[in-house]
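Engineer:
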Amino acid sequence: MTTSTTPRLGQALPAVHRGQLMRVARQVSFPAGTRLFEEGGHADRFWIVRTGTVALDLRVPGRRAAVVEHLGFGELVGWSWLFEPYVWQLGAEAVTPLRAHECDAAVVRELCVQDQELGRELGLWVGKVLAHRLQAARVRLLDLYAPYGSGFT
Numbered sequence: 108m109t110t111s112t113t114p115r116l117g118q119a120l121p122a123v124h125r126g127q128l129m130r131v132a133r134q135v136s137f138p139a140g141t142r143l144f145e146e147g148g149h150a151d152r153f154w155i156v157r158t159g160t161v162a163l164d165l166r167v168p169g170r171r172a173a174v175v176e177h178l179g180f181g182e183l184v185g186w187s188w189l190f191e192p193y194v195w196q197l198g199a200e201a202v203t204p205l206r207a208h209e210c211d212a213a214v215v216r217e218l219c220v221q222d223q224e225l226g227r228e229l230g231l232w233v234g235k236v237l238a239h240r241l242q243a244a245r246v247r248l249l250d251l252y253a254p255y256g257s258g259f260t
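Printed below as a string of structure tokens:
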């Protein structure tokens, strides 16, 4: 499921705050098939996609993981780093070769303490991302598990 309504960095943060974030980011690359993180693991970083596609997935007992959303250019990969106890709520895998900006969560959280306006803007962006991801997961799970003929398949 690919959507175009996910709040992207360029639309979500004012230029000054994007600049602050990019100054602490490093560029990384991953081959297709690389697991960025596993559901339940320690969330100590996040990524902003430059090129490529990432699949977010959710463990389903007795089945393989369900992909709930695909992410692309400008989208945030990972939000669990912002909220204690800093544990990934989903898993993520590079579907295609991926180039991204990677940020150390502790460094960004400290920046947010130092600049409360940045913290507010970043928190609003992550909140919008969370709302979007929750809706995407809901729709995907209805696609997978709604009874045939219920109007959800």
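Residue numbers for the sequence shown follow my numbering, so the first one is 108 and each next one is one higher.
Glycine included, C-beta positions come from ideal geometry on N, C-alpha and C.
Fair warning: this is a prediction, and the values are worked out from it, not measured in the lab.
Identify the residues that DSSP records as bridge partners of Glu-176: which are they?
Structural biologist: Residue 176 sits at position 69 when you count from the first residue of the sequence shown. Answer by DSSP bridge pairing, in chain order: Leu-163.
Engineer: Which partner residues does Trp-154 have in the DSSP bridge list?
Structural biologist: The residue labelled residue 154 in the question sits at position 47 within the sequence shown. Paired residue(s): Val-184 and Glu-209.
Engineer: Expressed to the nearest angstrom, what Euclidean distance is found between the alpha-carbon atoms of Glu-209 and Arg-170?
Structural biologist: Here residue 209 is taken as the residue at index 102 of the sequence shown, counted from 1. Here residue 170 is taken as the residue at index 63 of the sequence shown, counted from 1. Each residue's CA atom was taken as its position, placing Glu-209 and Arg-170 some 31 Å apart.
Engineer: Quick one: measure Cβ to Cβ for Glu-200 and Ala-173, integer angstroms, because I've assumed they're closer than 8 Å.
Structural biologist: For the purposes of this step, residue 200 is taken as residue 93 along the sequence shown, with counting starting at 1. For the purposes of this step, residue 173 is taken as residue 66 along the sequence shown, with counting starting at 1. Contact annotation, Glu-200 with Ala-173: C-beta distance approximately 13 Å; criterion of less than 8 Å not satisfied.
Engineer: Could you check how far apart the C-beta atoms of Phe-144 and Ala-212 are, in whole angstroms? I think they sit under 8 Å.
Structural biologist: Taking the first residue of the sequence shown as position 1, residue 144 is located at position 37. Taking the first residue of the sequence shown as position 1, residue 212 is located at position 105. Not confirmed; about 12 Å, so no contact.
Engineer: Apply the 10 Å Cβ neighbour rule to Asp-250 and answer buried if 16 or more other Cβ atoms are within range, or exposed otherwise.
Structural biologist: Reading the sequence shown from its first residue, position 143 is the one you call residue 250. When all chains shown are included, Asp-250 counts as exposed.
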